[in-house]
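Trainee:
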Amino acid sequence: MDEEVLIYELRRLADSKRQPSQKGLLEELHAALLSLSPPRLHPYALTRQDYAILKFRAAYGAVCQGSQGTMASKYCYRLSTWPKILGDTPNRDWRLIPKDLSEREAFDYLVHQHAGIHWLPVRQFIGGTYSGLRGFTWWTTAVMPSHNTICTAHELGLLNRYIGTEAIILRCPVEHVRSKMLVHVPSVVDAYFFNIFHAMRDEENPTVGRAISVEVPTVLGLGQEEFVVRPIEIDEAQIELWPLTLNDPADHKVYFDDVQEGLIRYYKTLAG
Amino acid sequence: MYDELRTARFQRWLRHKPSTRRWRLEIESLLAGEREAILLEVGSSRQYVSRLLADSADLGTARVAFEGALQEVIESWRPEANDPHYNSLLLDLIVGFTPSRAFEKILAALAKWSSLSPAPSTNDEESAAMDVLSLVALEAYYPAPPSGAVNDPGFRLYEDLLWRLAAQSDHVPHAFRRLIELRLVDSSDARVKAMVTIPGVIEEFLRYALGPHRGLLQNQIGYIFAHCLTSRDDRDAQHPYPLYDRFEQMTNRLRARIQEKPGRFPPSIVLSDGEEFDLLMPDVRADYNQATSYENRRSAMPELMAMVEGIWNENT
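Those protein sequence lines, which keep their order, are chains R and E.
Counting from 100, one number per residue, gives the positions in the first sequence under the working numbering.
Counting from 663, one number per residue, gives the positions in the second sequence under the working numbering.
The following block contains the structure:
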């Protein structure tokens with residue numbers, strides 16, 4: 100069997116066992132995959148057209164159904180890029196970064212404003228609702244930038260290919276998302292389209308999610324805390340950003356083929 | 663079907679043994695929509711390629727191979743024959759890496775059809791987004807006036823296109839800003855004054871001039887402001903200075919403000935971070951005083967001024 104399909108099937112088994120509350124939604128998503136043309140055997144490499152069809156399924160929008168999350172820190176953080184931030188803010192209000200500014204210029208401008216020292220208020224550059232493509236975004240309490248931000252990203256389950264070279268770290272005051280009850284423990288439906296995800300057990304009533312760290316590809320284990328957060332109003336939340344270039348050739352690199360065997364073992368254990 | 667493991671192995675070769683052929687295959691896969699899941703995470707085709715390049719064992723070799731491959735893709739690119747998604751991903755790469763032949767292909771399409779294709783998308787929003795991306799791509803080739811502009815035929819053709827765009831209402835804001843940035847028109851020119859009245863022009867200009875293109879445009883802000891001050895419209899008693907109002911509103915929207923200095927002219931602009939700079943502008947002191955005068959404010963805010971007058975009368 101194709102390794103990707105094997106990973107997906109193991110995930111399905113583990114996810115249903117660990118989060119039985121989501122089983123019906125998982126089955127709906129699985130049926131939706133098979134109904135695509137051509138049918139898809141796993142959801143980790145869908146096309147734009149596939150997403151356009153899936154987004155009308157109820158299960159696709161059934162997000163943030165995990166228990167309320169508790170962030171025990173002053174800020175939560177997220178690793179992104181400027182074009183990704185724009186994609187995550189669909190009805191954006193253009194401010195100091197104009198609509199038709201290229202992403203390269205936008206990044207250079209942010210770097211210039213940042214001057215290596217300041218967190219910059221996002222609302223200065225754009226406004227709107229930061230919602231993500233499915234109505235939520237992923238955040239962590241792991242502090243960024245860190246001594247080695249690429250390795251922190253690996254501890255969040257991100258492979259190099261998912262890390263932009265012109266990164267933007269977002270920081271949001273926890274008090275805001277807590278007071279608005281926006282924080283949830285990620286569910287298997289939230290993570291359905293990602294092939295690296297540790298499903299917390301429903302029965303343990305978790306208050307935090309934990310990523311699978313890929314930092315040491317041969318020994319996958321629990322990584323940093325992760326949460327999903329419902330749409331955030333940029334102006335209200337006082338989200339800030341920190342631009343950071345991540346293209347040092349000496350950086351640690353981890354790719355999918357480094358971890359695929361470890362993932363199969365990991366999910367076998369979770370499903371067992 | 664796209665297979666992540668196969669792709670991962672292929673990309674390992676790409677990082678360790680890059681060749682133009684391998685890069686061409688990767689670019690074509692990307693443009694065919696086979697990297698969508700990754701693009702959703704990193705945000706753009708440019709970020710995707712930049713990561714592959716940054717992680718290459720030998721950056722120089724990888725870059726040469728990639729640039730050769732991109733050039734080959736551009737050689738065979740016919741914008742009108744491809745779907746909008748293919749074109750938008752490729753335009754992203756063009757903006758990021760400015761391959762030489764792409765400039766003339768985009769310019770030719772825009773000159774012929776005012777769009778990338780003779781039959782733009784039926785989706786107005788998609789079509790407008792593609793137009794914007796095409797213009798951003800051309801802008802990437804001339805971010806500032808080139809030295810030896812007179813002898814640069816590409817630049818001359820670009821100038822022609824900008825003047826044509828300046829006559830199309832949808833594109834005036836872009837054309838206006840670019841013509842001024844590239845010093846293709848003097849800010850005091852009558853054509854500039856005429857364009858300033860068109861909706862969106864002051865707004866786009868200020869967004870750039872107070873934001874990312876301040877270095878190119880800061881010295882022109884005062885001249886544009888002067889056009890706004892000298893455009894009085896006596897037919898509208900409530901708003902006799904509509905351009906001044908628009909200028910001020912946009913400045914405030916960008917969290918900046920025009921700082922009046924008692925007894926001194928010209929005023930300055932204070933940016934959201936507190937930085938202040940004097941406007942460089944002709945002496946239109948009389949217009950400025952009139953536009954900002956009590957009389958003008960009274961007509962612009964009749965209720966508030968009536969209330970102030972009432973309080974004043976009660977106390978005297």
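C-beta atoms are modelled at their ideal positions from N, C-alpha and C, and glycine is treated no differently.
Note that the structure is a prediction, hence the values are computed from the model and not measured.
Does DSSP classify Glu303 (chain R) as helix, strand or coil?
Mentor: Glu303 (chain R): helix per DSSP, three-state reduction.
Trainee: By the 10 Å Cβ neighbour count, where 16 or more other Cβ atoms means buried, how is Phe155 (chain R) classified, buried or exposed?
Mentor: By the 10 Å Cβ count, Phe155 (chain R) comes out exposed.
Trainee: Residues bridged to Phe296 (chain R) by DSSP?
Mentor: Answer is none; Phe296 (chain R) lacks a bridge partner.
Trainee: Three or more beta-carbon pairs under 8 Å between the region 351–367 of chain R and the region 272–285 of chain R, yes or no?
Mentor: Short answer: they don't touch.
Trainee: Is DSSP giving Met663 (chain E) helix, strand or coil here?
Mentor: At Met663 (chain E), the pLDDT of 44 sits below 50, so the modelled position is not reliable and the matter cannot be decided from this model.
Trainee: Do Thr248 (chain R) and Leu145 (chain R) have their C-beta atoms closer together than 8 Å?
Mentor: No. Outside cutoff.
Trainee: Would Pro874 (chain E) count as contacting chain R if we go by Cβ distances under 8 Å?
Mentor: Yes, because at least one Cβ of chain R sits closer than 8 Å to the Cβ of Pro874 (chain E).
Trainee: Buried or exposed for Gly263 (chain R), going by 16 or more other Cβ atoms inside 10 Å?
Mentor: Counting Cβ neighbours within 10 Å, Gly263 (chain R) comes out buried, since at least 16 surround it.
Trainee: I need the straight-line Cα distance from Tyr803 (chain E) to Thr760 (chain E), nearest angstrom please.
Mentor: About 7 Å.
Trainee: Sorted by chain position, which residues of the same chain lie with C-beta nearer than 6 Å to Gly231 (chain R)'s C-beta, five sequence neighbours on each side aside?
Mentor: Answer for Gly231 (chain R): Asp187, listed in chain order.
Trainee: Using a 10 Å radius around the Cβ and a threshold of 16 neighbouring Cβ atoms, would you call Asp896 (chain E) buried or exposed?
Mentor: It counts as exposed.
Trainee: Is the shortest distance between the beta-carbon of Arg111 (chain R) and the beta-carbons of chain E less than 8 Å?
Mentor: No, no contact with chain E.
Trainee: Anything in chain R within Cβ reach of Glu698 (chain E), meaning under 7 Å, just list it in chain order.
Mentor: Those within 7 Å of Glu698 (chain E) in chain R are Leu145, Thr146 and Arg147.
Trainee: Could you name the residues that DSSP lists as bridge partners for Phe326 (chain R)?
Mentor: Looking at the DSSP assignment, Phe326 (chain R) forms a beta bridge with R:Trp238.
Trainee: Please name the residues in the region 196–207 of chain R whose beta-carbon is closer than 9 Å to at least one beta-carbon of chain E, in chain order.
Mentor: Answer set for the region 196–207 of chain R: Ile196, Pro197, Lys198, Asp199, Leu200, Ser201, Glu202, Arg203, Glu204, Ala205 and Asp207.
Trainee: Under the three-state reduction of DSSP, which class applies to Ser691 (chain E): helix, strand or coil?
Mentor: In this structure, Ser691 (chain E) counts as helix in the three-state DSSP scheme.
Trainee: How many Å lie between Tyr748 (chain E) and Leu772 (chain E) at the Cα?
Mentor: Using only the alpha carbons, I get a separation of about 17 Å.
Trainee: Could you check whether the Cβ of Gly758 (chain E) sits closer than 8 Å to any Cβ belonging to chain R?
Mentor: Cβ-Cβ to chain R under 8 Å: yes for Gly758 (chain E).
Trainee: Are the CB atoms of Pro182 (chain R) and Gln709 (chain E) nearer to each other than 8 Å?
Mentor: Their beta carbons are under 8 Å apart, which means Pro182 (chain R) touches Gln709 (chain E) by this criterion.
Trainee: Can you pull the chain E residues whose beta carbon is under 7 Å from the beta carbon of Pro182 (chain R), in chain order?
Mentor: Ordered by position in chain E, the residues that pass the 7 Å Cβ test against Pro182 (chain R) are Gly705, Ser706 and Gln709.
Trainee: Going by C-alpha distance, which of R:Tyr354, R:Phe293, R:Trp341 and R:Val353 is nearest Tyr143 (chain R)?
Mentor: The residue with the shortest Cα to Cα distance from Tyr143 (chain R) is R:Phe293.
Trainee: With DSSP collapsed to three states, give me the class of Tyr938 (chain E).
Mentor: The displayed chain sequence assigns Glu, not Tyr, to residue 938 (chain E). Glu938 (chain E): strand per DSSP, three-state reduction.
Trainee: Does the Cβ-Cβ distance between Leu824 (chain E) and Ala837 (chain E) come in under 8 Å?
Mentor: Going by C-beta atoms, Leu824 (chain E) is nearer than 8 Å to Ala837 (chain E).
Trainee: Contact check, Gln212 (chain R) vs Val288 (chain R) under 8 Å by CB: the rounded distance?
Mentor: Not really, about 38 Å apart at Cβ, beyond 8 Å.
Trainee: Under 8 Å between C-beta atoms, does Tyr870 (chain E) make it to chain R?
Mentor: Yes - at least one Cβ of chain R is within 8 Å of the one on Tyr870 (chain E).
Trainee: Kindly list, in the order they appear in chain R, the residues whose Cβ is closer than 7 Å to that of His747 (chain E).
Mentor: In chain order: Arg147.
Trainee: Taking DSSP as the reference, what is the three-state secondary structure of Cys175 (chain R)?
Mentor: Residue state, collapsed to three classes: strand.
Trainee: Show which residues of chain E have a CB atom less than 7 Å away from the CB atom of Gln223 (chain R).
Mentor: Simply Arg917 and Ser934.
Trainee: Please determine, among E:Tyr950, E:Gln880, E:Arg894 and E:Leu687, the residue with the shortest C-alpha to C-alpha distance to Glu938 (chain E).
Mentor: Measuring from the Cα of Glu938 (chain E), the nearest candidate turns out to be E:Gln880.
Trainee: So, using beta-carbon positions, are Thr239 (chain R) and Glu324 (chain R) closer together than 8 Å?
Mentor: Result yes, Cβ atoms of Thr239 (chain R) and Glu324 (chain R) sit closer than 8 Å.
Trainee: For Leu695 (chain E), go through chain R and note every residue whose CB falls closer than 7 Å to its CB, in chain order.
Mentor: With the sequence shown as reference, residue 695 (chain E) is identified as Gly, and Leu is not the correct amino acid for it. Here the neighbours are Thr146 and Arg147.
Trainee: Alpha carbon to alpha carbon, how far is Ala310 (chain R) from Leu702 (chain E)?
Mentor: Roughly 19 Å separates the two Cα atoms.
Trainee: Assuming Leu872 (chain E) contacts Leu933 (chain E) (C-beta within less than 8 Å), just tell me the rounded distance between them.
Mentor: About 6 Å separates the two Cβ atoms, so the contact holds.
Trainee: Does the Cβ of Pro780 (chain E) have 16 or more other Cβ atoms within 10 Å, making it buried, or fewer, making it exposed?
Mentor: Exposed, because fewer than 16 other Cβ atoms sit within 10 Å of the Cβ of Pro780 (chain E).
Trainee: What do you get for Arg110 (chain R), buried or exposed, if any count of 16 or more other CB atoms within 10 angstroms of its CB means buried?
Mentor: Result: buried.
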